[in-house]
Amino acid sequence: MSYLQNIYEQKDKLWFVIWLLGIAALGIWDMLFLNQPAFRQLRIGFYQTIKIALIVILLTAVVSWIVAVLLERLENSRFSALYLAATFVLNIIRSIPQIVGILGGYTLITFWLQNGTLRTPLSVIFAIAVTISLFVFLELVDLIRERIHYYKKRDFYNAMRVCGISENRIINTEILWKNSLSHIFNKLISIFGITIFLQCSIDFIISVGLSTRVSAINLPVTLGSLLAKIDSKQDILAIGHTFGDITYFSRLFFEHLQGISVAFLIVFTLLCVYKISNGFAERYEL
Numbered sequence: 085m086s087y088l089q090n091i092y093e094q095k096d097k098l099w100f101v102i103w104l105l106g107i108a109a110l111g112i113w114d115m116l117f118l119n120q121p122a123f124r125q126l127r128i129g130f131y132q133t134i135k136i137a138l139i140v141i142l143l144t145a146v147v148s149w150i151v152a153v154l155l156e157r158l159e160n161s162r163f164s165a166l167y168l169a170a171t172f173v174l175n176i177i178r179s180i181p182q183i184v185g186i187l188g189g190y191t192l193i194t195f196w197l198q199n200g201t202l203r204t205p206l207s208v209i210f211a212i213a214v215t216i217s218l219f220v221f222l223e224l225v226d227l228i229r230e231r232i233h234y235y236k237k238r239d240f241y242n243a244m245r246v247c248g249i250s251e252n253r254i255i256n257t258e259i260l261w262k263n264s265l266s267h268i269f270n271k272l273i274s275i276f277g278i279t280i281f282l283q284c285s286i287d288f289i290i291s292v293g294l295s296t297r298v299s300a301i302n303l304p305v306t307l308g309s310l311l312a313k314i315d316s317k318q319d320i321l322a323i324g325h326t327f328g329d330i331t332y333f334s335r336l337f338f339e340h341l342q343g344i345s346v347a348f349l350i351v352f353t354l355l356c357v358y359k360i361s362n363g364f365a366e367r368y369e370l
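The numbering used here numbers the first residue of the sequence shown as 85 and each following residue consecutively.
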């Protein structure tokens with residue numbers, strides 16, 4: 085009983101449980117009333133969307149940590165020209181809108197698929213994750229550098245330097261691991277939600293044909309590509325029909341289940357990620 089009360093009081097854990105229960109409830113309903121081919125596609129799309137998002141946050145965490153620490157070392161060393169060059173390159177990436185940059189990355193992925201460079205589904209998924217990571221990792225780099233600069237102004241930084249502790253250990257262990265891990269984790273939760281939003285947006289753009297240079301052929305099935313299918317769009321449009329005929333509402337969850345399930349998974353997941361991030365920040369007073 086105390087365990088359940090603990091979950092209820094911690095909003096991030098509560099919303100994580102709500103997300104799991106919501107996914108489970110939808111899965112049971114779809115298993116009962118959605119045709120098997122569509123249900124299989126829905127499972128694959130959801131699984132691959134989450135897989136790409138998880139790979140993105142893993143890559144982002146590793147690359148951002150390394151880049152932020154290297155920039156910090158270069159800034160305070162004799163290699164100022166190298167620091168300026170690295171900062172210039174990162175600012176170029178920062179100046180590119182995320183949607184445009186990721187769409188350009190998808191163009192390269194399509195080219196690599198056509199010439200046989202990417203041969204397996206896992207390699208395609210990893211390439212997509214790398215592309216998205218390239219345009220979101222700077223958010224975590226900025227956070228890590230802010231934390232380093234904040235603690236460098238504190239007395240304990242100079243005290244540790246006087247005691248002979250190496251700067252690498254102070255930054256990586258004392259500042260980032262012991263005093264900033266909750267901030268980094270909270271940012272990764274946000275990046276998880278951003279990744280799903282960007283991924284679904286790009287896949288939807290490609291699937292509806294707004295991009296003439298990128299094809300959805302051979303790209304992994306995701307929630308975004310499923311939402312752009314004609315059956316799903318008709319299911320979503322059927323919601324508007326209920327405003328003129330309220331009795332049609334009950335038929336939505338049986339006759340138009342595919343599109344409504346895909347839309348629910350996207351919106352519900354993004355809502356829960358937002359609530360989890362806010363609850364986590366509130367619990368750790370970030």
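Each residue gets a CB set at the ideal place from its N, CA and C atoms; glycine is no exception.
{"Query": "Cβ contact (3+ pairs, closer than 8 Å) linking the stretch 216 to 229 and the stretch 175 to 189", "Result": "yes"}
{"Query": "Contacts around Arg178, its chain only, beta-carbon distance under 8 Å, and the 5 residues preceding and following it disregarded", "Result": "Leu222"}
{"Query": "Same chain, Cβ closer than 7 Å to Leu143, neighbours up to 5 away in sequence not counted", "Result": "Ala213, Val214 and Ser217"}
{"Query": "Status (buried if at least 16 other CB within 10 Å, exposed otherwise) for His340", "Result": "buried"}
{"Query": "C-alpha distance - Asp287 paired with Thr306, whole-angstrom precision", "Result": "7 Å"}
{"Query": "Asn270 classed as buried or exposed, judged by whether at least 16 other C-beta atoms fall within 10 angstroms", "Result": "buried"}
{"Query": "Validate contact between the stretch 146 to 158 and the stretch 244 to 264 using beta carbons, cut 8 Å, 3 pairs", "Result": "yes"}
{"Query": "Three or more C-beta pairs below 8 Å linking the stretch 242 to 253 and the stretch 322 to 340", "Result": "no"}
{"Query": "Of the residues Val101, Ala109 and Lys97, the one placed nearest Phe348, counting alpha carbons only", "Result": "Ala109"}
{"Query": "Inter-stretch contact (C-beta, 8 Å, three-pair minimum) for the stretch 342 to 362 and the stretch 112 to 129", "Result": "yes"}
{"Query": "Leu272 versus Leu138: straight-line alpha-carbon distance, rounded", "Result": "10 Å"}
{"Query": "C-beta contact flag for Phe281 and Phe117 at 7 Å", "Result": "no"}
{"Query": "Alpha carbon of Lys135 to alpha carbon of Ile141, nearest angstrom", "Result": "10 Å"}
{"Query": "Exposed unless 16 or more other CB atoms sit within 10 angstroms - verdict on Glu366", "Result": "exposed"}
{"Query": "Cβ shell of Ile193 (< 6 Å), same chain only, five flanking positions each side left out", "Result": "Ala211"}
{"Query": "Asp287 in three-state terms, based on DSSP", "Result": "helix"}
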